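A.B. asks: In the UniProt record's numbering, the protein residues as written are 1 to 180.
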Amino acid sequence: MKRLPLTVPLGHREAPSDFLSRLAVRNCIRDMRTLAHDLHLDVQAVICGESAALARLAEAGAADQAALEREAFAGSPRGISIFHRAHKFSRTIQLTRNQVRICPACFREDLDAQSFQAEARPYRRAHWIISQIKTCERHHLALAPLGGWPPPASRSIRALSLRAPYACCRSSRPRPSNAR
Ligand SMILES: [Zn+2]
1 MKRLPLTVPL
11 GHREAPSDFL
21 SRLAVRNCIR
31 DMRTLAHDLH
41 LDVQAVICGE
51 SAALARLAEA
61 GAADQAALER
71 EAFAGSPRGI
81 SIFHRAHKFS
91 RTIQLTRNQV
101 RICPACFRED
111 LDAQSFQAEA
121 RPYRRAHWII
131 SQIKTCERHH
141 LALAPLGGWP
151 PPASRSIRAL
161 SLRAPYACCR
171 SSRPRPSNAR
């Protein structure tokens, strides 16, 4: 596996699929699925936290494999339960599958912390995907949903990429519900 020409620093507590998504943006590739195809990576294996896939992702993105593994939401694609940091969650009830939530202050810090293209800078902390988590533990701000994303057809963990923050960078207006 060759290292990508451009990389982003793996964020503290960033989920592997979000990292893959940001790498795609950083390398001007349309989306994470296209990048995964180019890297001969199985996106579902990345999402499910399979070690072999995360090892390849770590190599391509110059990231720490163990850090990626810690933040993966592991479980079979069709399974009801999913595991994150040794906690068991219901995929349908306890994870925010139809919404991306961010801390506005973290978002601002991420934008200010790097100099590469803005769309690839902010990242979601993996635990913000858990429904019970309502606030940012650093800033004590309520997690804010990014409106209209993902579209209903994409309601799965794989859709919880950082495309919504990218949209937020460009415009504060909600995306239409059928946006891709
Ligand atoms: Zn925050």
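The beta carbon of each residue, even a glycine, is placed where N, CA and C say it ideally should be.
Here the structure is a predicted model, which means the values were calculated and not measured.
According to the neighbour-count rule (16 or more other Cβ atoms, all chains shown, within 10 Å of its Cβ), is Cys-28 buried or exposed?
C.D. replies: exposed
A.B. asks: Which residues share a DSSP beta bridge with Val-46?
C.D. replies: Answer by DSSP bridge pairing: none, since Val-46 is not bridged.
A.B. asks: Give a single yes or no on whether Cys-103 has its beta carbon closer than 8 Å to a heavy atom of ligand 1.
C.D. replies: yes
A.B. asks: Using three-state DSSP, classify Val-100 as helix, strand or coil.
C.D. replies: strand
A.B. asks: What does the Cβ neighbour count give for Pro-16, buried or exposed, with the cut at 16 atoms within 10 Å?
C.D. replies: buried
A.B. asks: Just checking Leu-141 against ligand 1 - is the residue's beta carbon closer than 8 Å to any of the ligand's heavy atoms?
C.D. replies: yes
A.B. asks: Looking at the structure shown, is Phe-116 part of a helix, part of a strand, or coil, going by DSSP?
C.D. replies: coil
A.B. asks: With a Cβ-Cβ cutoff of 9 Å, do Thr-96 and Ile-47 count as a contact?
C.D. replies: no
A.B. asks: Give the DSSP-derived three-state secondary structure of Arg-138 in the structure shown.
C.D. replies: coil
A.B. asks: Tell me Ser-90's beta-bridge partners as DSSP assigns them.
C.D. replies: Ser-81
A.B. asks: Considering Cα atoms alone, identify which of Ser-81, Cys-103, Pro-9, Ala-120 is closest to Ile-93.
C.D. replies: Of the listed residues, the one whose Cα sits closest to Ile-93 is Ser-81.
A.B. asks: Check whether the Cβ atoms of Ala-142 and Thr-135 sit closer than 9 Å, and answer yes or no.
C.D. replies: yes
A.B. asks: Does the Cβ of Leu-54 have 16 or more other Cβ atoms within 10 Å, making it buried, or fewer, making it exposed?
C.D. replies: buried
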